[in-house]
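Enquirer: Residue numbers (the working numbering): 3 to 207. My questions will all concern the structure given below.
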């Protein structure tokens with residue numbers, strides 16, 4: 003039987019050390035198990051840790067926009083009753099109704115289908131549904147465009163918008179179905195938020 007001194011254990015390769023540990027565990031040689039584990043822990047501590055990947059400028063922009071949109075959502079939820087319970091109660095009888103969470107599960111703006119499908123660089127939004135009507139506020143950045151080219155959108159039924167245009171007329175939706183037939187486009191988030199506020203006042207009345 004091999005005399006597994008600490009020096010001999012230390013000379014083993016990582017795979018050899020793991021094999022010895024497995025054998026020691028199988029045979030219930032507790033002292034050897036403890037010394038193998040100690041050597042493995044020592045080696046892991048000496049290995050350089052991989053640095054976390056630096057977030058790109060685009061990801062920072064997307065995260066910041068998602069945070070700002072979510073903050074507007076919280077602001078609107080304090081002004082109007084946008085709870086899922088109320089949406090369900092006010093939508094009784096609407097076939098297939100499903101209440102919208104205003105923001106994503108992580109507390110930020112939701113990920114839009116265009117970005118999920120890889121059509122655009124950024125598509126983030128918040129939304130509310132009551133009955134058959136869906137209204138949303140979001141940010142949109144086409145692929146291969148400078149971040150300064152982003153636009154903000156309010157998408158809602160045409161009848162709720164002042165001067166709204168068909169969504170496909172003011173941005174490329176790559177053939178994807180939209181949540182409503184009208185949209186307004188803005189360069190400024192607060193202007194978009196004001197328009198979203200007006201739409202919510204109508205839908206939540």
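For each residue, glycine too, the CB sits at the ideal point set by N, CA and C.
Determine which residues share a DSSP beta bridge with residue 125 and list them.
Expert: The residue labelled residue 125 in the question sits at position 123 within the chain shown. 142, per the DSSP bridge assignment.
Enquirer: So residue 136 and residue 182 are in contact, right, with Cβ under 8 Å, and what is the actual spacing, rounded?
Expert: Here the question's residue 136 lines up with position 134 in the chain shown. Here the question's residue 182 lines up with position 180 in the chain shown. The Cβ separation is near 6 Å, so the contact holds.
Enquirer: Roughly how many angstroms lie between the CA atoms of residue 31 and residue 23, to the nearest whole one?
Expert: On the chain shown, residue 31 is found 29 positions in, with the first residue counted as 1. On the chain shown, residue 23 is found 21 positions in, with the first residue counted as 1. In a straight line, the C-alpha of residue 31 is about 9 Å away from that of residue 23.
Enquirer: Let me know the alpha helix (DSSP H) ranges lying completely inside the stretch 85–124, each 4 residues or longer, listed in chain order.
Expert: Whole alpha helix (DSSP H) segments, 4+ residues: 86–91 and 115–118.
Enquirer: Run the CB neighbour count on residue 75, radius 10 Å, all protein chains shown included, and call it buried at 16 or more, exposed below.
Expert: On the chain shown, position 73 is the one that residue 75 refers to. So residue 75 counts as buried.
Enquirer: Determine the DSSP secondary structure at residue 153, reduced to helix, strand or coil.
Expert: Translated into the one-based positions of the chain shown, residue 153 becomes position 151. Here residue 153 sits in strand by DSSP.
Enquirer: State buried or exposed for residue 77, treating a residue as buried only when at least 16 other CB atoms are found within 10 Å of its CB.
Expert: The residue given as residue 77 occupies position 75 in the chain shown. That one is exposed.
Enquirer: If we ignore side chains and look at the alpha-carbon of each, how far apart do residue 14 and residue 36 end up?
Expert: Here residue 14 refers to the residue found at position 12 when the chain shown is read from its first residue. Here residue 36 refers to the residue found at position 34 when the chain shown is read from its first residue. Going by the C-alpha atoms only, they are around 16 Å apart.
Enquirer: Whose CA, out of 191, 121, 138 and 122, lies closest to the CA of residue 129?
Expert: Within the chain shown, the letter at position 127 stands for residue 129. Ranking the options by Cα distance to residue 129, first place goes to 138.
Enquirer: Please name the residue, chosen from 154, 102, 175 and 127, that lies closest to residue 134 on a Cα-to-Cα basis.
Expert: Here residue 134 is taken as the residue at index 132 of the chain shown, counted from 1. Nearest of 154, 102, 175 and 127 to residue 134, Cα basis: 102.
Enquirer: Determine which residues share a DSSP beta bridge with residue 130 and list them.
Expert: By one-based count along the chain shown, residue 130 stands at place 128. 137, per the DSSP bridge assignment.
Enquirer: For the beta strand (DSSP E) containing residue 185, list its first residue and its last residue.
Expert: In the chain shown, counting from the first residue as 1, residue 185 sits at position 183. Its beta strand (DSSP E) spans residues 184–188.
Enquirer: DSSP three-state label for residue 24, please.
Expert: For the purposes of this step, residue 24 is taken as residue 22 along the chain shown, with counting starting at 1. The answer is helix: DSSP assigns residue 24 an H, G or I state.
Enquirer: So, for residue 39: in the same chain, excluding its five sequence neighbours on each side, which residues have a beta-carbon less than 8 Å away from its beta-carbon?
Expert: Along the chain shown, read from residue 1 onward, the residue named residue 39 stands at position 37. So the qualifying residues of the chain are 23.
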